[in-house]
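FYI, the numbering for the sequence shown is 8 to 738, going by the numbering used here.
No residue lacks a Cβ here, since even glycine has one placed at the ideal position from N, Cα and C.
Predicted model, so just to flag it, every value in this text is computed and none were measured.
Contents: one structure, followed by commentary.
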Amino acid sequence: MNYYDEESIGSERVYSGEVLKLIFSYVFVYKKYLFLSLFFVLFITGANLSVPYLFKIIIDRYIFKQGQIIHLDAYSSRTGNNLYDKQFRRGKYLSGTDRFLFQSRLKYFSKNEKEDLVNSGALSSKKYVFIESPRFEGELGKKIDSYILKGEILVFGESIYLFETGVLSRFKVEELARLRSQDFVHIVRYIMFIIGILLVQFVSSYIQIMFLMKLSQMAMKDLRKDLFSHILTLEVSFFDKNPIGRLVNKVTNDIETLNEFFSSVLITLFQDILLMLGIAFVMFFTDVYLALIVAATYPFIIIITILFRIQVRNAYRKIRTRITDINGFLNETITGIRIIQIFVMELNNFKKFLLKNNAVYKAQLKQLYVFGVFRPLIGFLRWVSIAAVIYFGARGIVGDRISFGLLVMFIAYIERFFAPVRDLSEKFDIMQSATAAGEKLISILKADAVKETDDDFKVLPEKGTQFTSYSDPEKVRRPETVRFKGKIVFDDVWFSYKPDEWVLRGVSFSMNPGETLAIVGETGAGKTTIISILSKFYRIQKGKIFIDGADLNEIPYGAIRRNIVSVMQDVFLFSRNVRENITLGLPYDEAYFKTVSKATHIEKFIKKLPAGELEPVMERGATFSAGERQLLSFARALYFDPSILVLDEATSSIDTETERFIQDAIAHLTRGRTSIIIAHRLSTIKNADRIIVLDRGKIVEEGRHRELIQKKGIYHKLYSLQFSDRPDFSG
Numbered sequence: 008m009n010y011y012d013e014e015s016i017g018s019e020r021v022y023s024g025e026v027l028k029l030i031f032s033y034v035f036v037y038k039k040y041l042f043l044s045l046f047f048v049l050f051i052t053g054a055n056l057s058v059p060y061l062f063k064i065i066i067d068r069y070i071f072k073q074g075q076i077i078h079l080d081a082y083s084s085r086t087g088n089n090l091y092d093k094q095f096r097r098g099k100y101l102s103g104t105d106r107f108l109f110q111s112r113l114k115y116f117s118k119n120e121k122e123d124l125v126n127s128g129a130l131s132s133k134k135y136v137f138i139e140s141p142r143f144e145g146e147l148g149k150k151i152d153s154y155i156l157k158g159e160i161l162v163f164g165e166s167i168y169l170f171e172t173g174v175l176s177r178f179k180v181e182e183l184a185r186l187r188s189q190d191f192v193h194i195v196r197y198i199m200f201i202i203g204i205l206l207v208q209f210v211s212s213y214i215q216i217m218f219l220m221k222l223s224q225m226a227m228k229d230l231r232k233d234l235f236s237h238i239l240t241l242e243v244s245f246f247d248k249n250p251i252g253r254l255v256n257k258v259t260n261d262i263e264t265l266n267e268f269f270s271s272v273l274i275t276l277f278q279d280i281l282l283m284l285g286i287a288f289v290m291f292f293t294d295v296y297l298a299l300i301v302a303a304t305y306p307f308i309i310i311i312t313i314l315f316r317i318q319v320r321n322a323y324r325k326i327r328t329r330i331t332d333i334n335g336f337l338n339e340t341i342t343g344i345r346i347i348q349i350f351v352m353e354l355n356n357f358k359k360f361l362l363k364n365n366a367v368y369k370a371q372l373k374q375l376y377v378f379g380v381f382r383p384l385i386g387f388l389r390w391v392s393i394a395a396v397i398y399f400g401a402r403g404i405v406g407d408r409i410s411f412g413l414l415v416m417f418i419a420y421i422e423r424f425f426a427p428v429r430d431l432s433e434k435f436d437i438m439q440s441a442t443a444a445g446e447k448l449i450s451i452l453k454a455d456a457v458k459e460t461d462d463d464f465k466v467l468p469e470k471g472t473q474f475t476s477y478s479d480p481e482k483v484r485r486p487e488t489v490r491f492k493g494k495i496v497f498d499d500v501w502f503s504y505k506p507d508e509w510v511l512r513g514v515s516f517s518m519n520p521g522e523t524l525a526i527v528g529e530t531g532a533g534k535t536t537i538i539s540i541l542s543k544f545y546r547i548q549k550g551k552i553f554i555d556g557a558d559l560n561e562i563p564y565g566a567i568r569r570n571i572v573s574v575m576q577d578v579f580l581f582s583r584n585v586r587e588n589i590t591l592g593l594p595y596d597e598a599y600f601k602t603v604s605k606a607t608h609i610e611k612f613i614k615k616l617p618a619g620e621l622e623p624v625m626e627r628g629a630t631f632s633a634g635e636r637q638l639l640s641f642a643r644a645l646y647f648d649p650s651i652l653v654l655d656e657a658t659s660s661i662d663t664e665t666e667r668f669i670q671d672a673i674a675h676l677t678r679g680r681t682s683i684i685i686a687h688r689l690s691t692i693k694n695a696d697r698i699i700v701l702d703r704g705k706i707v708e709e710g711r712h713r714e715l716i717q718k719k720g721i722y723h724k725l726y727s728l729q730f731s732d733r734p735d736f737s738g
């Protein structure tokens, strides 16, 4: 299975329970920050809900202050409606049993009920504007007194005036300002209160974002660490099936996508849902009639959202397919740029790129069409809701059933309600990306691949083996690691990379500690495979492999890695300095380092470098020759001081002088340790203690160099091809 099949992972779902479980498994480690963030979300939501409601109060109580007088002594509770009784008693006290009911309170009565109350004398037939102010002096006071005498202004106590609705139009602007001075004071107080709420909202938003970002970064840091740690322990076979570039992308970009999903979608989605539920509740609580008008758009929103989700999912899948295709093409082109230029393929590749680039363009254009329809549709529904509320609200105002403040509040709530829905298109895009990214990360964490684990090597003593603990203070090694003696046995080993395609067929041989074994054969014979399974990069299907009498499958990976070192022809160098590429994390010992450098002939090369052993190494050692890189790999192996050494085709592609240096270095490397040499240059292995010849996965010849030459078999043929100019093949 390819764990990175872009088409099969996360292509059908906008969200995934497994992805959410993965995210929250890391988030809940820091649940304190999560709960604090959600706590401040409540403050933010409360502020968003309260501001429009406070504006309603300002408009109804201090701007449009119309209402009617209720006479409680004339009101009979024969209907038994406690709601009406409650509204009457909430009226502004005038005197005795008289109360002033604002327009917002009168909305609870139907037109017929208000007519009955007026006819019974319980409710005044005239409408008044409520003014609360100390007694007015001067010309304004005289003018008010004249209207009081006419009965157009009613006075209660020392500070309450009820103006008939038409009377205020007879006052000048300056006079109205004096009349409404107390209202302005109350309005300023409410505005200051609203500003205070907005400041609390600002502070809460800042704290919430800080907690959320810190939580998100800590959780993703842990996920990134665990994923990288997990990747480091997977067997090499896993990396054979999965492109390295995509693995790098998972550790960086895909985790960042999950980070964006958590911080920008999950928490804000919770906040949006909370806000929308709160708005719906306040709407139905204040006026069911207008709330139902707004709710009439909900089914259309749901249908449009479902259709949008389907279309955007299909569009996203096509985009991801096209981008994956063009990324692969770019990677192939850049990697093989030398071949492309040598064979003059630039124009041909450019034409192919244009086709793939155009496919990406068309796929993204289709997604733009989907987004281009969704957002205007939601905007259209928003304006339809506002228009409907204004129309029916205006009729309600004319019929004394709805107040101006209520209408303004509903319009503000509609704006707030549709904002999260309008932003849903962006959230869908992030959710789609996060689902795909999360499921790919899960596929790594749950990959059907053997995981390398390290332990204290406790299994070996229980088997009665002869391992000894090695710790030489004169050499730089990992402290107190189990050191192999180096006896190796292959017993009827069968191995295949693919089912029923055997690479090794019944391979059997043994090596004594300190012995040097050479393996030769044509390309594809299985030479490198033997090294790979001995290093436990792959598991054999049949047979047994023993090291010092212990089954290889039962030996921990850590012990294998600390005792077996391979020197490959394709040397990998890290982007560090020369010293670090040799020590590879082991403690630096200057004296031992110099000894190793001299023994492997890397000392001369290091002295030529401007910064010596601290000279930076470019990516993969691109500025060094093949021979210099191989000498570095020899120094690395000797500094590690393994008990078993593997030289895999380590002497090909080098000049004669460097080969002479390497021959001498090999003598130092193989001295006193079990060594396996694989080389196409058969001169390298003439002095090997034993040579085995592989052909199509089977051992066909075995012996020392002179013995195999005398047999005149495959080894003799291979040697003849390389040294046909020599009269004597006996070596």
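- Taking Cβ to Cβ, would you say A644 is nearer than 8 Å to L638? no
- Local conformation of V500 per DSSP, three classes: strand
- Backbone CA spacing between D407 and V289 [nearest angstrom]: 21 Å
- Are K551 and Y564 touching if we call contact CB-CB under 8 Å? no
- C-beta contact flag for I547 and I683 at 8 Å: no
- Task: Output the boundary residues of the alpha helix (DSSP H) element that contains Q2.
- Result: Because residue 2 is not part of the residues shown, which for the chain are 8 to 738, the question remains open.
- Message: Which residue marks the beginning of the alpha helix (DSSP H) containing Q439, and which one marks its end?
- Response: 431–452
- Item | Backbone CA spacing between F424 and F269 [nearest angstrom] | 22 Å
- Name the two residues that bound the continuous alpha helix (DSSP H) containing L241. Neither: L241 is in no alpha helix (DSSP H) and is coded neither H nor E.
- Item | Segments assigned beta strand (DSSP E), at least 3 residues, entirely inside the segment 561–601 | 571–575
- Let me know if Q348 comes out buried or exposed under the rule of 16 or more other beta-carbons within 10 Å of its beta-carbon. exposed
- Query: alpha helix (DSSP H) containing G634: first to last residue?
  - Reply: 633–647
- At 4 residues or longer, and completely inside the segment 324–409: list those alpha helix (DSSP H) runs for me, N to C. 344–349, 353–405
- Cβ pair count under 8 Å reaching 3, the segment 717–730 against the segment 535–542: no
- Message: My output table needs one value for L101: the three-state DSSP class, helix, strand or coil.
- Response: strand
- Helix, strand or coil for S517, going by three-state DSSP, please let me know. strand
- Query: How big is the Cα-Cα spacing for T304 and S392?
  - Reply: 7 Å
- Environment of V500 [buried if 16+ CB atoms lie within 10 Å]: buried
- Message: Let's test the definition: count the other Cβ atoms within 10 Å of the Cβ of D233 and tell me whether it reaches 16, buried, or not, exposed.
- Response: exposed
- Using only alpha-carbon positions, find the residue among G704, P649, I699, E666 that is nearest to T677. P649
- Does DSSP classify L701 as helix, strand or coil? strand
- Query: Distance, Cα to Cα, I716 vs I699?
  - Reply: 12 Å
- Which term fits D577, buried or exposed, when burial requires 16 or more other beta carbons within 10 angstroms of its beta carbon? exposed
- Reduced DSSP secondary structure (H/G/I, E/B, other) of R142: coil
- Just reading off the beta strand (DSSP E) that T681 is part of, what are its end residues? 681–685
- Query: Does the segment 192–200 come close enough to the segment 165–177 that 3 or more CB-CB pairs lie under 8 Å?
  - Reply: no
- Looking only at C-alpha atoms, which of R106, S410, Y595, T681 sits nearest to V162? R106
- Selection from S32, S432, L580, Y100 that minimises the alpha carbon distance to Y761: Here the chain has residues from 8 to 738 only, and residue 761 is not among them.
- Pairwise C-alpha distance: R316 and F378: 10 Å
- Just to confirm, are I571 and L616 a CB contact at a threshold of 8 Å? no
- Integer-rounded CB distance, given that G521 should sit under 8 Å from G493: 6 Å
- In terms of residues, what are the limits of the alpha helix (DSSP H) holding H723? 721–729
- Item | Which residues DSSP lists as bridging L511, in chain order | F502
- Query: Buried or exposed: which applies to N9, given that a residue is buried once 16 or more other Cβ atoms fall within 10 Å of its Cβ?
  - Reply: Any reading at N9 must be qualified, since the residue scores a pLDDT of 43, below 50, and its modelled position is unreliable; no value is offered.
- Item | Contact set for G400: own chain, Cβ-Cβ below 8 Å, skip 5 residues either direction | L297, I409, L413, L414, F417
- Item | Chain-order list of residues whose beta-carbon lies under 8 Å from that of I286 (same chain, five-residue window excluded) | L56, Y420, R423, F424
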